[in-house]
Amino acid sequence: MERYCVFGNPVAHSKSPRIHARFAELTGQALTYEARLAPMDGFAAAVAAFLAEGGRGCNVTVPFKEEAWQLAEIRSARAEKAGAVNTLLQDAEGRLYGDNTDGTGLVRDLVQNAGMALAGRRLLLLGAGGAVRGVLGPLLEERPREIVIVNRTPGKAAQLAQLFADEGRVVAASFADLQGPFDGVINGTSASLQGELPPLPPGLFAPGALAYDMMYGAEPTVFLRWAAEQGAHTRDGLGMLVEQAAEAFRLWRGVTPPTRPVLDALRAELAAA
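In our numbering, the protein residues as written are 20 to 292.
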């Protein structure tokens, strides 16, 4: 039986083993998938050991995505631009191939699960760290009218906008200069983990706009609660988690698993927590 895993630190909380076990059931694939704690200074050695044991591929979560990018001998175009890798596999020649499925996961959750067409829309991304960099390319492939990146450090937002300027209209802004309305506002900051709200002005949301937080939990994040008060539709990042996992599963196994039953089950568990 072929073996896969997710590396992180911490990693005990990861839902990935249950997600991939369910994908395997739904697609009739024989595999095992486990969570593995990698030492902070021993990620490369942990990957090498897993592959030496017969591992076929792995997911990578914080804080190792940038290190996985460096470890990969070849990278997909989307991973190359993202500067981070969350999926590793060995190709037919035994080389380590790195990909980043986060952006594809976000786009599929927005378009297929939330029913939001992105073409011609004006989008606001909160944050300029690895989470936002990882999703910019796939978002721009959907041809939005404009993506505005806002960050507490405007210089980081400007650097990111410049990096992706050849793929579509991307501009940087400061919180003080933000001008709505936007059709979608995506929170890619870690502020939700601390229960903090970025300094957002009123009037950001167009009628029918969607507020999306890449974080998820049993209760709506402070950002999503604020957005609902502003009249926006809201969605957390649980669907992104499931959809990025499905894309990794496809890369490994050559089959795309159905995501709806997995997402529904995880949502029900969160509600019951």
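For each residue, glycine too, the CB sits at the ideal point set by N, CA and C.
C-beta atoms of residue i and residue j nearer than 8 angstroms
{"i": "Met259", "j": "Gly153", "result": "no"}
{"i": "Asp232", "j": "Gly256", "result": "yes"}
{"i": "Glu161", "j": "Leu143", "result": "no"}
{"i": "Met20", "j": "Ala49", "result": "yes"}
{"i": "Pro217", "j": "Phe194", "result": "yes"}
{"i": "His32", "j": "Ala264", "result": "no"}
{"i": "Leu219", "j": "Phe201", "result": "no"}
{"i": "Phe26", "j": "Val79", "result": "yes"}
{"i": "Gly122", "j": "Gly149", "result": "no"}
{"i": "Ser211", "j": "Thr240", "result": "yes"}
{"i": "Thr51", "j": "Arg97", "result": "no"}
{"i": "Leu108", "j": "Gly76", "result": "yes"}
{"i": "Thr46", "j": "Pro276", "result": "yes"}
{"i": "Gly187", "j": "Ile166", "result": "yes"}
{"i": "Gly207", "j": "Gly146", "result": "yes"}
Range of the contiguous alpha helix (DSSP H) that encloses residue i
{"i": "Asp283", "result": "279 to 291"}
{"i": "Thr123", "result": "121 to 127"}
{"i": "Phe42", "result": "35 to 46"}
{"i": "Gly258", "result": "257 to 272"}
{"i": "Glu21", "result": "Run containing Glu21: none in the alpha helix (DSSP H); it sits in the beta strand (DSSP E), 21 to 27."}
{"i": "Phe242", "result": "241 to 248"}
{"i": "Glu186", "result": "Unbroken run through Glu186: none, as it is neither H nor E."}
{"i": "Ala101", "result": "96 to 101"}
{"i": "Glu85", "result": "84 to 90"}
Segment limits, beta strand (DSSP E) that includes residue i
{"i": "Arg341", "result": "Residue 341 falls outside the range modelled here, since the chain spans only 20 to 292, and no answer is possible."}
{"i": "Ala68", "result": "Looking at the DSSP string, Ala68 is not in any beta strand (DSSP E); the run it does join, the alpha helix (DSSP H), is 62 to 71."}
{"i": "Arg75", "result": "74 to 79"}
{"i": "Glu112", "result": "Neither: Glu112 is in no beta strand (DSSP E) and is coded neither H nor E."}
{"i": "Arg254", "result": "252 to 254"}
{"i": "Ala49", "result": "Note, Ala49: premise wrong, no beta strand (DSSP E); not H, not E."}
Best match in the options for proximity to residue i [C-alpha to C-alpha]
{"i": "Gln249", "options": "Thr240, Pro226, Leu257, Met234", "result": "Pro226"}
{"i": "Val30", "options": "Thr51, Arg55, Ala40, Tyr23", "result": "Arg55"}
{"i": "Pro36", "options": "Ala49, Ala98, Thr46, Glu53", "result": "Glu53"}
{"i": "Val81", "options": "Phe201, Glu215, Val104, Leu108", "result": "Val104"}
{"i": "Asp110", "options": "Ala237, Glu215, Glu99, Arg94", "result": "Arg94"}
{"i": "Ala228", "options": "Phe268, Ala57, Met59, Arg140", "result": "Arg140"}
{"i": "Ala87", "options": "Glu165, Gly236, Pro276, Ala57", "result": "Ala57"}
{"i": "Glu262", "options": "Gly187, Gln213, Glu85, Leu285", "result": "Leu285"}
{"i": "Glu44", "options": "Leu159, Ala237, Arg272", "result": "Arg272"}
{"i": "Ala67", "options": "Ala91, Leu289, Thr278", "result": "Ala91"}
{"i": "Ala247", "options": "Gly203, Ala267, Leu270, Thr278", "result": "Gly203"}
{"i": "Lys34", "options": "Leu197, Ala290, Val281", "result": "Val281"}
**Ordered list of alpha helix (DSSP H) runs contained in the segment 149 to 173, each at least 4 residues** = 149 to 160
Inspect the CB distances between the segment 113 to 121 and the segment 167 to 178 and report whether three or more fall short of 8 angstroms. no
Could you tell me which whole beta strand (DSSP E) segments of length 3 or greater appear in the segment 197 to 230?
201 to 206
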